[in-house]
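Here the structure is laid out as structure tokens; the discussion comes afterwards.
Protein chains: 2
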Amino acid sequence: MSVQDEAVVPRLAEAAIADDVGLLLAKLHAAGSVLNNKALAEFGLRERSYSVLRLACSGLEPTQRELAEFLSLDPSQIVALVDELEGRGLVYREQGRTDRRQKIVLATPEGERLHAGASAAIAACEHEQLAALTDAEAATLRKLLRKALWA
Amino acid sequence: MSVQDEAVVPRLAEAAIADDVGLLLAKLHAAGSVLNNKALAEFGLRERSYSVLRLACSGLEPTQRELAEFLSLDPSQIVALVDELEGRGLVYREQGRTDRRQKIVLATPEGERLHAGASAAIAACEHEQLAALTDAEAATLRKLLRKALWA
DNA sequence: GACGGATCATTGAAAATGTCAACGATTGGT
DNA sequence: ACCAATCGTTGACATTTTCAATGATCCGTC
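Chains A and P are the protein sequences, given in the same order.
Just so you know, the first sequence maps onto residues 7 to 157 in my numbering.
Just so you know, the second sequence maps onto residues 7 to 157 in my numbering.
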């Protein structure tokens, strides 16, 4: 679990494709997902349900459609995720403030509690994943990713 | 298709989760995949098969196991991808140099030709995806991603 | 030099995910 | 009051992921 362990550079990292942003994103994302899901298992969550719970805790009162777009998921997948969280009493649906078609996803007190623990675990994962970067580099990475996404 | 179009910042980008590296990677990766697959369609390729073809063209003589690990895929998925490319005459298998169990994936001249066109299209996609970043920022992003992955 | 455990590509099945079209309820514009 | 569009939801379908099992081959040990 030390930094050395993950510092094994595969032979193929020499290939031109190792500079393709698409591949780099895919690899880092895949590695991170494994870490995250492993860490979230103790909370009975997966990356997806954690994201929904986290947004439900944000105070932004997200509608299911907003969740779908923001998480790059199909609206029908949000239904399943919210159903599951709601069944566990972590989240509940409320009618949209101005549009009765939409449903806002909010966290229950128990959802807030679980999120507090889970988000700490995720933060630790993130730190481990970016262990090879200095704090400044990690901040730069975040900034550039945000800029690429949202200009 | 202008930069403005993709510069729409969703309301939820204010949430704390919008600073989670995991989510940023997932979103940028998802958006890039859509672009890449769209661009590769004219070559009859998808992101996965393109990656295999590209590595077959690298001169590194990758074995299927190396491809699996490098692309974060199950070995059985590599079999299917190579089967397809081989069936189209873009790639062929050769016995491992020192180990007869392993199979090296190499590109045919036709595979090389297709790869030349496809890689140009992918480069254009990448440029479009990172349009909001300066060239220096894009280079920094690549560097940080590589460092995080391979220290 | 033969044995036994490990590794490789391959197959196939099962589970999880992604994609898409259709529906009722509701909205907003004409 | 109507019509087109949007929201959440359901269900069907395709793709992808995951995993166990297999034959061939390698490597270390006796």
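Even for Gly, the Cβ is constructed at its ideal location relative to N, Cα and C.
In this text, all values refer to a predicted model and were calculated from it rather than measured experimentally.
Residue span of the beta strand (DSSP E) that contains residue i, given as start and end
i, result
"R152/P", "Segment 141-156 is the alpha helix (DSSP H) holding R152/P; no beta strand (DSSP E) there."
"R99/P", "97-101"
"L66/P", "L66/P -> no beta strand (DSSP E), and no H or E assigned at all."
"A113/A", "109-113"
Residue i classed as buried or exposed, judged by whether at least 16 other C-beta atoms fall within 10 angstroms
i, result
"S8/A", "Annotation note: pLDDT 37 at S8/A (below 50); position unreliable, no value reported."
"T69/A", "buried"
"G82/A", "The residue you asked about is not Gly; residue 82/A is Ser in the sequence shown. Looking at its Cβ environment, which holds fewer than 16 other Cβ atoms inside 10 Å, S82/A is exposed."
"G117/A", "buried"
"A24/P", "buried"
"K109/P", "buried"
"D26/A", "buried"
"G65/A", "exposed"
"R107/P", "exposed"
"A13/P", "In this prediction, A13/P scores a pLDDT of 48, lower than 50, which makes its location untrustworthy; the coordinate-derived value is nonetheless stated afterwards. Exposed."
"G38/A", "buried"
"H170/P", "No answer is possible for residue 170/P: it lies beyond the span of chain P, which begins at 7 and ends at 157."
"Q101/A", "exposed"
"A127/A", "buried"
"G123/A", "exposed"
"A22/P", "exposed"
"R103/P", "exposed"
"E20/P", "exposed"
"D11/A", "Low per-residue confidence applies at D11/A: pLDDT is 43, beneath 50, and the placement is therefore not dependable enough to give any value."
"K33/P", "buried"
"V58/P", "buried"
"V85/A", "exposed"
"A47/P", "exposed"
"A144/P", "buried"
"A62/A", "buried"
"A142/P", "exposed"
Continuous alpha helix (DSSP H) stretch holding residue i: start and end
i, result
"I84/A", "81-93"
"L31/P", "27-46"
"L73/P", "70-76"
"L18/A", "L18/A -> no alpha helix (DSSP H), and no H or E assigned at all."
"L136/P", "Taken as a continuous stretch (DSSP letters only), L136/P belongs to no alpha helix (DSSP H), as it is neither H nor E."
Chain-ordered neighbours of residue i on chain P, where CB pairs are closer than 7 Å
i, result
"S55/A", "The premise fails here: S55/A is roughly 13 Å from chain P at the closest Cβ pair, so nothing lies under 7 Å."
"T146/A", "T146, L150"
"S82/A", "Those within 7 Å of S82/A in chain P number zero; the least Cβ separation is about 17 Å."
"N42/A", "G28"
Neighbouring residues, chain A, relative to residue i (Cβ below 8 Å)
i, result
"A36/P", "S78"
"E132/P", "D26, V27, G28"
"E143/P", "L150, K153"
Expected contact under 8 Å - CB spacing of residue i and residue j to nearest Å
i, j, result
"F3/P", "L120/P", "One cannot answer for residue 3/P here, as it falls past the ends of chain P, which runs 7 to 157."
"A154/A", "A138/P", "6 Å"
"T114/A", "G95/A", "6 Å"
"V67/P", "P16/A", "Inspection of the sequence shows that residue 67/P is occupied by Glu rather than by Val. At roughly 14 Å, the Cβ-Cβ gap does not stay under 8 Å, so E67/P and P16/A are not in contact."
"L91/A", "L30/P", "Between L30/P and L91/A the Cβ distance is about 23 Å, and since that is not below 8 Å, they are no contact."
"G28/P", "E53/A", "7 Å"
"S55/A", "L77/A", "S55/A to L77/A, Cβ: 11 Å. No contact."
Contacts that residue i makes with chain P (C-beta to C-beta distance below 9 Å)
i, result
"P68/A", "R17, L18, A21"
"K33/A", "F76, L77, S78, L151, L155"
"I128/A", "D26, G28"
"V72/A", "In the sequence under discussion, the amino acid at residue 72/A is Glu, which differs from the Val named in the question. Chain P residues near E72/A: P16, R17, L18."
Residue i - partner residues in DSSP beta bridges
i, result
"L51/A", "Partner(s): none; L51/A has no beta bridge."
Chain-ordered chain A contacts of residue i [CB-CB under 9 Å]
i, result
"Q135/P", "V27, G28, A154"
Chain A contact residues for residue i, given Cβ-Cβ distances below 7 Å
i, result
"L139/P", "L150, K153, A154"
Residue i: contacting residues in chain P (beta-carbon distance under 8 Å)
i, result
"L61/A", "L18, A21, I23"
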